[in-house]
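Heads up: the structure comes next, in structure tokens.
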Amino acid sequence: MQRALPDLTITPPVAGEKVTLVLHADGKQYDLPVLGGTHGPKVIDVRRLYAETGYFTYDPGFLSTANCDSAITYIDGDRGILLHRGYPIEELAAHADFLEVCYLLLYGKLPTPSELADFGYVIGHHSMVHEQFKRFFAGFRRDAHPMAVMVGTVGALSAFYHDKIDITDPEARMVSTHRLIAKMPTICAMAFKYSLGRPFMYPRNDLSYAANFLRMAFGIPAEPYVVNPVLTRAINRFLVLHADHEQNASTATVRIAGSSRANPYACVAAGITALWGPDHGGANEAVVNMLEEIGNKDRIPLYIKRAKDKNDSFRLTGFGHRVYKNYDPRAAILRESCHEVLAELGKTDEPLFALALELERIALDDDYFVQRKLFPNVDFYSGIMLRAIGFPTAMFPPLFALGRTIGWIAQWKEMIEASDQHIARPRQRYIGEAIRPYVPIAER
Ligand code: SDX
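For the sequence shown, the residue numbers in the numbering used here are 109 to 552.
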């Protein structure tokens, strides 16, 4: 039965709606147009503000600033709603194959069976990397963090694909997009295998995207790999849940890098770099490290106390969000997936999962977290599930990058194809020294 969808319609701006800015410095008034979208807050168009007033707007971290028009993803942070091209994340996570979601984010519609088959064929036939590409790995220490390996090797893709790197050519953009979607699982699995000192596995086009990735990560040449449908469904859901998330730090990085017309491989490498931070995609690794440090339920109150102490830099990682001030819908789905995987692997007594559930229960009963609307986010449960499947914590951010690549590249494509595309160039409020003459060293 179709789930009733929440009413997200907004009252569009009335014709000519505007905001009048009164500058007390000279008493002048300036009318700023108000623009509306499909869902979400209306925007005040300040593009003419500096030219007309000589003033900048000021919004470090851009929490109140829309830096683009986008039709790909919509988040209602207060209601915990996440849509991709209008489809609720809960329905995509429950029913869609990851490649279906890739097609949806790229082209704005759910594919027909033949469109999905054709798309899967194209992606499958880009899934291998150049044989010389393997040599890049040999330059890294075996214990290098796999995100460092991913940044280096994904950026190096632009050293191989000069043939289709002219981003003004729609066909080259399409091929680059397909190559990134297709090669990221191969590269991510190679980074994992390299860290273990085990042989790389070639992709297999007869497997689904998620099953192919699991086989490249855990299969060995000496014996056939048995696909586990529960783990495959969990990884597929993990990738769908990480696919895109509006203008988060790493996506905004990809857009800004792409706005200078840098090639898409370099832009995605920049996105991987931004994602790595523990406040962003590195949080899934930090959550498991935090849970291991807490160790047992009796120590939870101590860490809750530390998280509330302004003099202690400790934060309850996996909690809170720049936008969600309600439960991150992805966290609830991942908690369910986590439970399914643990049951499948006979690990329902996994102490970290029990500890995470107890930590969530206690935190959501604590005024500090409730008042600040700090709920579990996408990273809180994902690491426990990935570790149960067999990935070490250092591999969690690369897996986030694997899922987010489609979002990065779909947003890059949308930005490049926008009619008003131009290089991004934020301004600043200068608070440095006033202008002053150079002092010769003999006089200092
Ligand atoms: C992702 O942007 C995206 O969409 C990101 C992402 C995506 O899909 O791309 O959703 C993926 O990055 C999820 C977030 C993963 N990060 C973590 O889990 C790290 C732990 N969380 C935080 O560090 C923090 O919550 C942030 C960075 C996520 C948000 O930081 P903000 O915006 O500064 O938090 P806030 O302004 O809402 O904080 C309000 C208050 C502050 O205290 P007061 O000054 O009001 O007293 O809550 C406090 C913060 O100090 N606070 C926390 C906390 N997060 C915020 N206190 C303890 N533990 C925390 N986790």
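Heads up, the beta-carbon is just placed ideally off N, CA and C, and yes, glycines get one too. In this text, all values refer to a predicted model and were calculated from it rather than measured experimentally.
Around the beta-carbon of L191, 16 or more other beta-carbon atoms lie within 10 Å, marking it buried. For L171, the secondary structure class from DSSP, reduced to helix, strand or coil, is coil. The continuous alpha helix (DSSP H) containing I289 extends over residues 278 to 304. Take K481, set aside five residues on each side of it, and the residues of its chain with a beta-carbon closer than 6 angstroms to its own are K433, in chain order. Separation of V127 and R323 (C-alpha to C-alpha, rounded to the nearest whole angstrom) is 57 angstroms. The stretch 457 to 472 makes contact with the stretch 392 to 408; the number of CB pairs closer than 8 angstroms reaches 3 or more. Comparing alpha-carbon positions, the option among T381, I524, H447 lying closest to A280 turns out to be I524.
I118 is the residue among G169, I118, G491, E160 whose C-alpha sits nearest the C-alpha of K150. Note on the stretch 486 to 527: whole alpha helix (DSSP H) runs with a minimum of 4 residues are 487 to 497, 504 to 524, in chain order.
Shown here for E125: same chain residues with a beta carbon closer than 6 angstroms to its own, the five before and five after excluded, namely V142 in chain order. The three-state secondary structure of Y195, taken from DSSP, is strand.
At least one heavy atom of the ligand SDX falls within 6 angstroms of the beta-carbon of F427. For P141, DSSP records a beta bridge to K126. For Y182, the uninterrupted beta strand (DSSP E) segment begins and ends at 181 to 184. A direct Cα-to-Cα measurement between D251 and A439 gives close to 30 angstroms.
For Q479, the enclosing alpha helix (DSSP H) stretches over residues 475 to 479. One thing to note: P506 has its Cβ no nearer than 7 angstroms to the Cβ of P311. Cα atoms of V348 and Y538: separation of roughly 42 angstroms, rounded to the nearest angstrom. When C-alpha distances from L171 are compared across D314, Q355, W520, the shortest belongs to Q355. DSSP, read as helix, strand or coil, puts F422 in coil. Selection Y158, G260, M236, I231 evaluated against F244 yields G260 as nearest (Cα-Cα). Scanning its chain for C-beta atoms nearer than 7 angstroms, with the 5 sequence neighbours on each side dropped, one finds around E198 the residues P437, I441, in chain order. Within the stretch 210 to 261, the complete alpha helix (DSSP H) segments at least 4 residues long are 221 to 232, 243 to 246, listed from N- to C-terminus.
Straight across, the Cα-Cα distance linking Y138 with L129 is about 5 angstroms.
By the CB criterion at 7 angstroms, I231 and A290 fall inside the cutoff. CA-CA distance, F227 to Y166, rounds to 43 angstroms. About 19 angstroms separates the CB atoms of M258 and C210; that is not less than 8 angstroms, and the two are not in contact. Each of I492, G428, L424, H234 was checked against the Cα of A342, and the nearest Cα belongs to I492. At a cut-off of 6 angstroms, the beta-carbon of L213 does not count as near the ligand SDX: no heavy atom of the ligand is closer than that. For N434, the Cβ stays outside the 6 angstroms cut-off from all heavy atoms of the ligand SDX. Taking a C-beta distance under 7 angstroms as the contact criterion, H234 and H286 qualify as a contact pair. When the Cα atoms are used, A201 and I402 turn out to be separated by approximately 31 angstroms. Assigned with DSSP and collapsed to three states, E331 falls in strand. Around the C-beta of R363, 16 or more other C-beta atoms lie within 10 Å, and the residue is accordingly described as buried.
No Cβ-Cβ contact shorter than 7 angstroms links S421 with I531. A direct Cα-to-Cα measurement between V237 and E541 gives close to 51 angstroms.
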